[in-house]
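These notes are about the structure you will find just below.
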Amino acid sequence: MKRITLLLLLAACSDGPPTGDLSAVPGELVINLQTSGPALGAIRFTVKGGDVAQVTAADPGITVFTTTSGDVVSVIAIGATLRGPLVRLRVPDVRKVSSYRTAVVERVDTENQKVTADESYGLEVVQPR
Amino acid sequence: MHRAKIGSLLALLALVVWQSLAAQAPGDRVQVSYNLAFSSHNQSMWGPANAPSNLDFTVPLFDESWTAGGSANGIFSAFGLQWGPSISGNTSGRVGLSFRIHDIGTGAVNLDYPVRVVLDLPAPNSFRDGEAVTIDSRFDLLPGWSLGTAPPGGALTLNGIFGTHLGASGQFCSFGCPGNGTLVNFNVPNDPFELFSVTSQGTLTLPAVLPAPFPRPLVIETLPYQFGGLIDPFGPVLGWEGPVDGPHVATTATVGSDGLTLTAAGQHRFVDLNVDLDHYLTFVGVPPLGFQSNPALELVTGASFGYDVANLSLLFGVTQRQTFRFVPRVTLTAQFPVAVEFVVVNADGSAAATGTETTVHFDVGQSLRVTMPAGPRDPLPGTPTYGLANTFTSSTDFAFNERLVVSAGRFSLHTPSANVTEQFTETVCTLPGIANDVCEFVGGLLETITRTVTHVVPPATLDLGPLFSRQLVDETQTLPLFPTGNRSGQWQFAGLQTFTEAPFLLDPEDPRIAVTTELGSGVLGGSPAGSIVQVIRVRNDGDVALSAAALRDAVTALLSGGTFTVLSVSSPTLVTNPSFNGDAQPDLLGAGNTLAPGAEGQVQVVFAVNAGSIYHTSVHAAGRSPIGTNVSGDASDALGVVAFEIIPDQVSAWSNGVLPTRVTSVGIDAGLVEPEGLRLEGIAPESWNLASSGALILKFRLPDVLSALEQRILAGIPLPAAPGGGALREPVTLGTLVSAVMNGSGELGELRVFVMSGGSLGGPKPFASTNGIPRVLVLTGSLRDGTRLIGDDDLTVMQGGQ
């Protein structure tokens with residue numbers, strides 16, 4: 000009986016979803032760069048659709064910069080060659096992976112030149128294996 | 000040298016500057032106030048500082064005499080005899096009263112005089128150096144002022160003189176008159192006497208010798224004392240009634256109608272006596288003057304004779320009055336660091352003083368007109384020292400009112416009644432009714448008989464006088480105590496402080512405009528190769544906003560073939576004129592700009608130029624201050640653009656080879672170039688030679704040039720102007736780069752270059768910024784005549800020895 004009461008109090012005081020969803024699974028999501036063309040040198044994109052507590056590089060060779068405005072997280076990822084996992088997102092509930100949306104803003108190739116062919120590059124948000 | 004003027008550009012940059020703050024205008028004024036608490040206490044009432052009174056004088060109040068005579072005859076006849084009295088009398092006398100004051104202390108006058116001095120000055124920057132400016136001044140009395148006094152110590156003595164004579168002769172007739180004889184000869188010589196003395200410390204002394212058990216002399220130390228009061232034992236004995244006190248005036252201060260002058264005034268009626276003087280005189284040695292009789296005469300004749308020498312009734316009042324008046328005059332001594340030409344102006348506009356001094360004295364209330372020194376534009380401080388000059392007036396007087404009623408020379412004689420007995424002897428007839436001459440004929444006898452008849456002589460009274468009865472003195476008089484003699488009673492109240500206060504400033508405007516210009520490589524300035532960047536900085540180095548400023552920029556290409564085209568005009572702080580083309584439209588800036596004090600406006604003009612010419616620029620900046628003063632500044636620069644080539648234009652980044660270059664003689668003779676001063680990306684040439692073709696061949700160490708190029712690129716990545724202004728170029732930091740890229744104003748590729756070359760965490764990374772990218776290398780140096788020069792050419796650096 001005492002343990003149930005404590006959980007209810009914690010739920011009431013939590014900054015999490017107001018529904019008091021006790022089944023949330025906090026964890027990490029990964030954003031992958033999918034490309035059929037040459038590797039990129041840098042990419043700037045946005046993430047929205049859910050809370051993001053932290054953004055970290057998915058690889059030591061990648062440098063990541065982020066800013067947050069409202070519910071939109073802007074991310075810059077820079078590396079010698081970018082392909083595959085770019086960044087990791089720490090989120091309160093990994094089950095809501097499908098709610099996260101990404102949008103590419105700009106990218107440059109490894110020669111620091113702008114890449115304008117949008118169709119060759121895409122981002123996906125997945126749970127790490 | 001072939002030199003030809005082939006073109007010119009006159010660019011007029013109009014800086015219309017409106018000051019957002021309230022602009023100064025001639026006549027603008029500011030006020031500076033000073034609160035000054037002048038005070039001086041314990042000043043003498045009789046002169047400056049602690050001047051002694053030196054007052055000891057005697058003033059006669061009155062000195063009156065009388066002489067009168069008269070006679071009366073009460074003799075009558077009865078029974079053949081004369082009966083009754085007769086008298087002839089005379090009276091004379093003198094009575095006087097004087098007032099002595101002595102041993103007067105300084106008293107004390109205490110002044111507190113807080114004022115606010117207001118200087119009305121020309122507002123800063125509302126006038127020019129060399130102009131005459133006026134400082135108006137005034138002062139107001141503040142609450143907290145006081146002018147109080149403490150009465151001085153001192154002693155007052157009332158002395159008198161009195162003498163009288165009374166004489167009478169007459170006779171008392173009873174059964175006849177014996178003849179005139181002296182009835183009385185009363186004589187009191189004129190002798191001084193002291194009525195009383197009183198000190199302001201509170202002691203009343205009467206020299207009267209009162210009968211025991213009264214003290215002799217009588218000293219009363221509890222003033223004021225009320226003679227004739229309920230508990231007063233002395234008044235009835237002395238014949239005194241009324242109050243006596245020591246003089247101690249309490250003053251009340253007021254402010255005059257001018258709001259500045261102080262007056263303290265008060266009065267004290269400290270004596271108000273009714274004295275039975277003849278009665279009192281008997282206590283100071285004068286014989287009784289009241290009714291007397293001559294008992295010897297009564298014993299001899301049974302008659303009585305009485306006389307009244309004099310009755311003197313004195314009403315006497317004394318009031319001390321004091322008035323002190325303080326008329327202020329606040330003085331200002333202004334100390335300037337340099338001599339100034341000045342005029343002290345009176346309120347009516349007349350000149351009170353003129354001169355050229357570092358120290359100027361004038362009264363607050365006057366105006367000071369100062370001619371500002373021409374040339375210096377720094378604020379001229381005037382350090383004020385304030386004093387409180389004044390005219391202080393002191394006056395003290397006494398008001399006396401005296402009334403003396405004298406009645407002298409009254410006599411009264413009285414003779415008693417007397418019985419007068421008469422004995423008659425006569426011859427009568429024994430026969431009743433028969434006459435003596437026929438008595439014997441008719442049988443009677445004549446006989447002698449004796450008869451006694453007693454008559455009563457009535458008593459007689461004879462009064463004479465008073466021979467003199469008059470209100471001898473009835474006057475009110477004022478006797479000045481101070482000022483008297485050669486003392487005016489007016490001086491300057493001493494002991495007042497002077498206050499040296501914070502300086503006021505006479506601050507002429509100091510409009511200054513400074514302009515610089517520099518012609519540099521367009522590449523170094525972030526512009527395309529083949530261009531030059533002119534940076535014009537116009538700075539307000541003065542202390543007033545500048546309006547209607549203008550920049551005139553004349554650029555001349557001096558060598559044949561030189562042309563230029565305006566590519567862009569930009570400014571982070573000033574509104575530019577988009578129509579500016581350097582020719583038909585010379586206005587570089589639009590309206591609405593402000594160049595506040597200390598502000599700098601920067602304009603960058605990019606010109607497309609041709610190699611082989613020397614470009615001169617001459618900039619003239621002009622501005623106008625809020626009060627209409629025009630200021631200007633000039634700057635110039637020159638830059639030669641030489642034909643420079645890198646051969647070849649593609650090299651391996653990893654080679655240790657030499658980078659050959661050349662400066663051809665297109666436009667500018669390469670022989671005029673100072674070769675040892677040339678630098679390619681800051682690197683000096685290893686060697687050079689002037690080829691027979693006229694070209695200057697230069698060889699540089701490629702690694703050094705590439706390293707310098709890398710550093711220049713990393714340090715010189717151009718950033719867009721920050722919204723709302725800011726420097727055209729800022730020191731590049733990772734943060735600023737990231738921020739610029741995040742908000743879309745920066746290049747992601749440039750950020751990558753920065754990060755991958757070691758600008759980010761993680762340490763240096765392989766050289767990458769120029770790899771495979773054509774980069775413009777910049778040659779700098781000078782011609783032999785000192786004219787700076789630039790040249791630029793592309794170079795592509797390839798990895799792996801391409």
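Protein chains in written order, with numbering that gives the first Met the number 0: chain R, 0 to 128; chain Y, 0 to 801.
Built from N, CA and C at the ideal position, the CB exists for glycine as well.
- Neighbourhood of L750 of chain Y in chain R, by CB distance below 8 Å: A41, I75 and I77, in chain order.
- Excluding five sequence positions before and after N41 of chain Y, the CB atoms of its chain that fall closer than 6 Å to its own CB belong to A107, given in chain order.
- Per DSSP, the unbroken beta strand (DSSP E) holding V456 of chain Y starts and ends at L445 to V456.
- DSSP places P479 of chain Y inside the beta strand (DSSP E), whose first and last residues are F467 to F481.
- Under the 7 Å criterion on CB atoms, V543 of chain Y is classed as non-interfacial with respect to chain R.
- Three or more Cβ pairs closer than 8 Å define a contact, and the stretch 531 to 539 of chain Y falls short of that threshold against the stretch 421 to 429 of chain Y.
- With a threshold of 7 Å between beta carbons, E123 of chain R makes no contact with chain Y.
- The alpha-carbon separation between S91 of chain Y and G408 of chain Y amounts to approximately 8 Å.
- Beta-bridge pairing by DSSP links Q126 of chain R to no other residue.
- Residue state for A352 of chain Y is assigned as strand, using DSSP reduced to three classes.
- In the DSSP assignment, N435 of chain Y falls outside any beta strand (DSSP E) and lies within the alpha helix (DSSP H) extending over N435 to C438.
- Within the stretch 53 to 64 of chain R, the residues whose Cβ lies closer than 7 Å to any Cβ of chain Y are, in chain order, T62 and F64.
- From the beta-carbon of V737 of chain Y, the residues of chain R found nearer than 9 Å are F64, T66 and I75.
- Residue nearest to S617 of chain Y within the set Y:G175, Y:T735 and Y:T516 is Y:T516 (criterion: CA-CA distance).
- By the Cβ rule, the stretch 400 to 415 of chain Y counts as touching the stretch 458 to 467 of chain Y, because three or more pairs are nearer than 8 Å.
- By the criterion of a C-beta distance shorter than 6 Å, P25 of chain R is surrounded in its chain by P91, once the five residues flanking it on both sides are discounted.
- For V107 of chain R, at least one C-beta of chain Y is nearer than 7 Å to its own C-beta.
- Taking a beta-carbon distance threshold of 7 Å, N111 of chain R counts as an interface residue toward chain Y.
- In the three-state scheme derived from DSSP, where H, G and I count as helix and E and B as strand, G639 of chain Y is classed as strand.
- Judged by DSSP in its simplified three-state form, F269 of chain Y adopts strand.
- Distance check between S570 of chain Y and each of Y:G180, Y:T564, Y:A544 and Y:Q601 places Y:Q601 closest, using alpha-carbon atoms only.
- Flagged as an interface residue toward chain R: L747 of chain Y, by a C-beta distance shorter than 7 Å.
- Comparing alpha-carbon positions, the option among Y:T221, Y:Q334, Y:G488 and Y:V243 lying closest to P502 of chain Y turns out to be Y:Q334.
- Interface flag for V754 of chain Y against chain R is set, since a Cβ pair is found closer than 7 Å.
- Under a criterion of Cβ atoms nearer than 7 Å, the residues of chain R adjacent to V740 of chain Y are, in order, R43 and I75.
- According to the DSSP assignment, Y279 of chain Y belongs to the alpha helix (DSSP H) that extends over L276 to L280.
- Each residue's CA atom was taken as its position, placing T779 of chain Y and E675 of chain Y some 11 Å apart.
- As DSSP reads the structure, D648 of chain Y sits in no beta bridge.
- In this structure, DSSP gives L80 of chain Y an extended state, which the three-state scheme calls strand.
- Per DSSP, G743 of chain Y is not a residue of any alpha helix (DSSP H), being assigned neither H nor E.
- The beta carbons of N609 of chain Y and T562 of chain Y sit about 6 Å from each other, so the pair counts as a contact at 8 Å.
- When Y:A544, Y:P51 and Y:V197 are compared, the shortest CA-CA separation from E220 of chain Y is found for Y:V197.
- When the alpha-carbon of Q649 of chain Y is set against those of Y:A620, Y:L677 and Y:R774, the nearest one is in Y:R774.
- Boundaries cannot be given for V543 of chain Y, as no beta strand (DSSP E) includes it and DSSP labels it neither H nor E.
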